[in-house]
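Just so you know, we're using my numbering here: the sequence shown kicks off at 465 and counts up by one. Let me begin by presenting the structure, written as structure tokens, before commenting on it.
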Amino acid sequence: MRIEIITNPRSGRGRGPARAAAIAAELVRRGHRPRIHAGRDRDDAARWAAAAAAAAGPDGRLVVVGGDGSLNAVLAGLPERDCPPLALCPLGTGNVLATDLGLTGDPLETVELIERGRVQPLDLGRVGSRRCFMVVGFGFDGELMKRLEQRRRGPMSKLAYLPLVWSTLRGWRPAPQRVVADGEDLGEFHLGFVSNVRHYGTPLLRLAAGARDDGCWELYLLERAHLIHGVRAALAAAVGGAHRSPLVTFRRVRRLEVTGDTPAQVQVDGDHHGATPLEFRVLPWRLPLLAPQP
């Protein structure tokens, strides 16, 4: 079985290459012949994905050693047909998808995933020309990612985010946006996001446990971004009921349009991605993601 591995040298505070080497060593011990590529940037990751998928073929395996951003970069180059199953070894800051799947990043666990994991099809989305797998948001989290992009100089711990979250809360001014979902005008909202994962940024904030391969993503909208409303919605999410909160407008959607007189900042899979107007759609193909056996 052909196994192609890409590692982000910056993920996990520089632990990516060592983690990839440990995975490769165990694969060699088991009789495989893996190849490792150290990614340089997003464009390089996309080129690697296209070449590695062609080399591995549908019976091979792709392995991403890195965080949510690393996986997003790889998505750009994957083929829609005959894409090899992909294993994720989480080594970033958020690791939202890995949390959903129960992955720890242990090298032996990753090797077991490569050899014996079950294929879990994962719906993908698109914003403009950019593919995504996790979340697209406008408003507060878009503003937060914009400020993070401006200040970030290297790897960050989760605790390092807290001062930035607080300063963004104090300085952010909502810009109402009109939201149209699958042709239905839902009205104006201060913030919102459409998601295909079951946690929002942290395992403490749980979302609806929707299917990952039903052709829909889950849309959450907050009409007013008052602090008390945000706290109440967060508390609902903490007990797994954000979609049931009367403060939250919830839909399962395939297409989304967001526009406003004043642009709102946008984030895609945890990276700043400009500002509204925003057009999102679920793609007609799914990523063959490897998940642990139940």
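The beta carbon of each residue, even a glycine, is placed where N, CA and C say it ideally should be.
Closer than 8 Å to chain D by CB, residue i
i: S631; result: The chain labelled as chain D is not found in the depicted structure, where only one protein chain is given.
Alpha-carbon to alpha-carbon, residue j and residue i
i: W630; j: Q614; result: 16 Å
i: A517; j: G651; result: 42 Å
i: T563; j: T574; result: 14 Å
i: G606; j: H654; result: 12 Å
i: D587; j: L720; result: 15 Å
i: V703; j: S709; result: Note on V703: pLDDT 49, under 50, position unreliable in the model; no value is reported.
i: A689; j: G724; result: 16 Å
i: G566; j: D507; result: 29 Å
i: V492; j: L754; result: 20 Å
i: L699; j: L633; result: At L699, the pLDDT of 47 sits below 50, so the modelled position is not reliable; the number obtained from the coordinates is stated separately. Taking the straight line from one Cα to the other gives about 17 Å.
Any non-hydrogen atom of the ligand NAD closer than 7 Å to residue i Cβ
i: D735; result: Ligands in the displayed structure: none, and consequently the ligand NAD is not present.
DSSP state of residue i mapped onto helix, strand, coil
i: F604; result: helix
i: L516; result: Sequence inspection shows Ala at residue 516; the Leu mentioned does not correspond to that position. Reduced to three states, the DSSP call for A516 is helix.
i: V703; result: Since pLDDT at V703 reaches only 49, below the 50 mark, its modelled position is unreliable, and the value read off the structure follows with that caveat. It is coil, neither helix nor strand.
i: T568; result: coil
i: L753; result: strand
i: D735; result: strand
i: A485; result: helix
i: A502; result: strand
i: W681; result: strand
i: D649; result: strand
i: R616; result: coil
i: L686; result: strand
Delimiting residues of the beta strand (DSSP E) encompassing residue i
i: R642; result: Q641 to A645
i: G656; result: L655 to S659
i: F714; result: V712 to V717
i: R595; result: R594 to C596
Residue range of the unbroken alpha helix (DSSP H) whose run includes residue i
i: P571; result: P571 to R580
i: E544; result: Note, E544: premise wrong, no alpha helix (DSSP H); not H, not E.
Nearest-angstrom Cβ-Cβ length linking residue i and residue j, presumed shorter than 8 Å
i: P571; j: I487; result: 5 Å
i: A639; j: P727; result: 7 Å
i: F714; j: L686; result: With 8 Å as the limit, F714 and L686 do not qualify as a contact, their Cβ atoms being about 11 Å apart.
i: L555; j: G503; result: Not confirmed; about 12 Å, so no contact.
DSSP beta-bridge partners of residue i
i: C553; result: V529
i: T471; result: A502 and V529
i: G589; result: C596 and V746
i: R466; result: R497
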